[in-house]
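Per my numbering, numbering of the sequence shown is gapless, rising by one per residue and ending at 272.
Remarks on the structure that follows.
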Amino acid sequence: MNIEIKNLTKIYPRGKKKALNNVDITIPQGIFGLIGRNGAGKTTLMRIVATVMDATDGEILFDGKELKANKDEFRSSLGYLPQSTKLMPRLNIVEFLDYVCIMKGMKDKIVRQQKIKWAIETVGLVGEEKKRLGNYSGGMLRRAGIAQALIGDPKVLIIDEPTTGLDPEERLYFLNLLSKIASERTIIFSTHITADIEHLCTNICVLEQGEVKYLGQKSAFIEKIAGKTWEITCTPADEEMLRREATVTSVAYVEGSPCVRYVADHPILPTAGNVKPTLEDAYIYTLGGVKR
Ligand SMILES: Nc1ncnc2c1ncn2[C@@H]1O[C@H](COP(=O)(O)OP(=O)(O)OP(=O)(O)O)[C@@H](O)[C@H]1O
Ligand SMILES: [Mg+2]
-19 MNIEIKNLTK
-9 IYPRGKKKAL
1 NNVDITIPQG
11 IFGLIGRNGA
21 GKTTLMRIVA
31 TVMDATDGEI
41 LFDGKELKAN
51 KDEFRSSLGY
61 LPQSTKLMPR
71 LNIVEFLDYV
81 CIMKGMKDKI
91 VRQQKIKWAI
101 ETVGLVGEEK
111 KRLGNYSGGM
121 LRRAGIAQAL
131 IGDPKVLIID
141 EPTTGLDPEE
151 RLYFLNLLSK
161 IASERTIIFS
171 THITADIEHL
181 CTNICVLEQG
191 EVKYLGQKSA
201 FIEKIAGKTW
211 EITCTPADEE
221 MLRREATVTS
231 VAYVEGSPCV
241 RYVADHPILP
251 TAGNVKPTLE
261 DAYIYTLGGV
271 KR
């Protein structure tokens, strides 16, 4: 499913500034990465696309059809995992998913049982059916959240910062799970960790203060700073100079000396090495460089 977001603006009733300002994004099928700092507007955008909140202005089209006029139809092909979900702690996964099935209008018990079994298998929670959700780990809860979003086999999945707080193993498991369920779906996935989208997404959007800073292919995003990314281990005085003259994308201290990566048209310091830019370099560059 193709999603077109046109001139979307959101002003919260008591918000000081626009949480989204004239946002235009086209999202093709596949995994789409929405990346941005805290407060960039990721959750606001996802809540509007997930139909749980209205925009102040603008429109959204699903395969060319206007969302506002077809909310019910779209909701039936949508799964949403909010950023902060409180799953019912006293229920086990089967009871919880049965509740979700009923809420989604599935009346036939046999059909519900089949859907639940499939969802539990898909997210790898077989053997954990008897445990209450209140006793699940963070990673298991996230998987239960995906199982909930998958009920009804939706064509669009909206998943808001699912990897925050997961240990590395659970995080990788979760990212693999997303790529496993991605075929023939549109998945909008938000994060502020570039590594999350490094391997998963072909298309990305960088949001900053409610505005689109980049929209397009991830490879083209990185390519923009190819040949212009440099690295040098230098003196603190040179680090200061580079912070003024270039856009610094990272500083690591090696035995007390700063190892600086930066973007500039010329090496500035003759001994700087030209390096292959990473997604992280491109992202930090787009946001104006590393802060202290
Ligand atoms: N209910 C609300 N009322 C007023 N302002 C809000 C409300 N929710 C969010 N905002 C503001 O809107 C802006 C965007 O917030 P949003 O939660 O969409 O960002 P985010 O990119 O999801 O951030 P995070 O990475 O921290 O989840 C922020 O300035 C935030 O303070
Ligand atoms: Mg958020």
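Beta carbons: idealized from backbone N, C-alpha and C, even for Gly.
Item	Value
Any non-hydrogen atom of ligand 1 within 6 Å of Tyr(-8) CB	yes
Lys(-2) beta carbon near ligand 1 (any heavy atom closer than 6 Å)	no
Distance CB(Ala217)-CB(Tyr242) smaller than 7 Å	no
Start-to-end residues for the alpha helix (DSSP H) that takes in Tyr153	Pro148 to Lys160
Buried/exposed call for Ser56, threshold 16 Cβ in 10 Å	exposed
Closer than 6 Å: Lys45 CB and nearest ligand 1 heavy atom	no
Chain-order list of residues whose beta-carbon lies under 6 Å from that of Glu211 (same chain, five-residue window excluded)	Arg241, Gly253 and Val255
One or two residues paired with Arg241 in a DSSP bridge	Glu211 and Ser230
The alpha helix (DSSP H) enclosing Gly268, as first and last residue numbers	Element bounds for Gly268: n/a, residue is neither H nor E.
Spatial distance of Lys(-3) from Ala35 (CA atoms)	14 Å
contact_flag[the stretch 119 to 128, the stretch 39 to 47] where n(CB pairs < 8 Å) is 3 or more	no
C-beta atoms of Cys185 and Lys198 nearer than 7 Å	no
C-beta atoms of Thr166 and Met26 nearer than 7 Å	no
Contact test: Thr296 Cβ vs ligand 1 heavy atom, cutoff 6 Å	This structure cannot speak to residue 296, because the chain is shown only from -19 to 272.
DSSP beta-bridge partners of Asn1	DSSP output for Asn1 lists no bridge partner at all.
Alpha helix (DSSP H) segments (min. 4 residues) lying fully within the stretch 20 to 67	22 to 29 and 51 to 55
Three-state secondary structure (DSSP) of Tyr194	strand
Rounded separation between Ile161 and Pro134 - CA only	11 Å
Distance cut-off 6 Å: Asn1 Cβ against heavy atoms of ligand 1	no
Straight-line gap, Lys208 to Gly19 (C-alpha atoms, nearest Å)	29 Å
Closer than 6 Å: Gln197 CB and nearest ligand 2 heavy atom	no
Integer Cβ distance of Pro69 from Gly107, believed to fall under 8 Å	At roughly 20 Å, the Cβ-Cβ gap does not stay under 8 Å, so Pro69 and Gly107 are not in contact.
Buried or exposed by the 16-neighbour rule on C-beta atoms within 10 Å, applied to Val234	exposed
Distance CB(Ile173)-CB(Ile138) smaller than 7 Å	no
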